[in-house]
C-alpha cells in the first residue's frame, strides 16, 4: 500500500473521530483531506457525502440511544433542508467557484471546531418559519458543496438557545444524514466515478465514527484536539481559495 494511501486512511480516521464526537459527519474534514492530496474536485463532493452517510448513521444511533435528540427540533429544519439539499446536489459549480465556496466552508468549519459552544441554559422553541428558512438555506449550500450542514446548524441551535448542547449534537447528526442522502440523490451521476480507494477509506471512517460518537455521547471534551484539526481545515480552506 502506498504511503499516500496510508496517510489518507489515517487522516479520514482522525477526522471521523473528531467530528463525530461533536455530532458531525466530517464531510468538511474529508473535503480538506482530499484537497491536500489533490483528489480530483469533480469526485470530492460525492465521496465526502458517502463517508458522511456511514459516520452520521453511527452517530445518529449513538446520540439517540443516549437520549440526546428531539424530533420537535429536527423535523422543521429537515423538512425544508432535504428538498433543497437535493436541488443543491444537482448544481455543478465551475471548478474555480466551487473551490472558493468550499474554501470558505472549510474555514467556517475550522471556527466551529475551534470554538467551544455550550448551551445548558433553559431552551426555547424555535419559530417554525425561521426553522424552514434556515433549513432551506443550509440544505441548498450543503448539497452544492458536499457537506451535511451540521457545521451550520449546531452553532445556530446553541447561539439561539434552541437546544441544549448534547441535544443539538444529536439533532445535527441526523440532519447531516438526511441531507447527505438528499445531496447524493441529486448528484447521483457522479457516484459511479468515486475514487477506487474510497472502499478503503470507508472502514477508517466507520471505526473513527464509532469511537468519536461513543466518546461524544458520554461527555468527552476534545477541544484541544479539535483545535488542531481546525488549523488543518483553515490551511486547506486558504489553499483552495488562493491556489
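Numbering (the numbering used here), first residue to last: 50 to 292.
In this text, a Cβ means the ideal position worked out from N, Cα and C, and glycines have one as well.
Next on the checklist: For residue 58 and residue 182, which I take to be in contact (beta-carbon distance under 8 Å), what is that distance rounded to the nearest angstrom?
Outcome noted: If you number the chain shown from 1, residue 58 lands on position 9. If you number the chain shown from 1, residue 182 lands on position 133. Contact between residue 58 and residue 182 does not hold, since the beta-carbon distance rounds to 39 Å and is not under 8 Å.
Next on the checklist: When you compare the CB positions of residue 279 and residue 163, do they come within less than 7 Å of one another, or not?
Outcome noted: By 1-based counting over the chain shown, the position of residue 279 is 230. By 1-based counting over the chain shown, the position of residue 163 is 114. Against a cut-off of 7 Å, the Cβ pair of residue 163 and residue 279 comes out as a contact.
Item to check | Extent of the continuous alpha helix (DSSP H) to which residue 59 belongs | outcome: Locating residue 59 in the chain shown gives position 10, where the first residue counts as 1. In the DSSP annotation of this structure, the continuous segment of the alpha helix (DSSP H) that includes residue 59 starts and ends at 52 to 69.
Item to check | Euclidean distance between Cα positions of residue 201 and residue 86 | outcome: Here residue 201 refers to the residue found at position 152 of the chain shown. Here residue 86 refers to the residue found at position 37 of the chain shown. Going from the Cα of residue 201 to the Cα of residue 86 covers about 26 Å.
Next on the checklist: With a threshold of 7 Å on Cβ separation, who are the neighbours of residue 101 within its own chain once the five nearest residues in sequence on each side are excluded?
Outcome noted: As a working note, residue 101 is residue 52 in the chain shown. 74, 75, 76, 197, 225, 229, listed in sequence order.
Checklist entry - Just the Cα atoms here: how many angstroms apart are residue 178 and residue 190? => result Counting from 1 along the chain shown, the entry for residue 178 is found at position 129. Counting from 1 along the chain shown, the entry for residue 190 is found at position 141. Their backbone Cα atoms lie some 19 Å apart in a straight line.
Checklist entry - With a CB to CB cut of under 7 Å and the five nearest residues on each side skipped, what residues in its chain are close to residue 285? => result Taking the chain shown and counting its residues from 1, one reaches residue 285 at position 236. Here residue 285 has 81, 84, 85, 155 as same chain residues with Cβ atoms under 7 Å from its own Cβ, once five neighbours each way along the sequence are excluded.
Next on the checklist: Going by DSSP, what residue range makes up the alpha helix (DSSP H) through residue 255?
Outcome noted: Here residue 255 corresponds to residue number 206 of the chain shown, with the count starting at 1. Taken as a continuous stretch (DSSP letters only), the alpha helix (DSSP H) holding residue 255 covers 247 to 265.
Next on the checklist: Taking 8 Å as the cut-off, does the region 88 to 101 touch the region 212 to 219 (at least 3 CB pairs, one atom from each stretch)?
Outcome noted: no
Next on the checklist: Short of 6 Å in beta carbon distance, which residues of its chain neighbour residue 203, apart from the five on each side in sequence? Order them along the chain.
Outcome noted: In the chain shown, the residue the question calls residue 203 occupies position 154. Excluding sequence neighbours, residue 203 sits near 217, 221.
Checklist entry - Mind checking whether residue 305 and residue 262 have CB atoms under 7 Å apart? => result Within the shown structure, residues of the chain are numbered from 50 to 292, placing residue 305 beyond reach of any answer.
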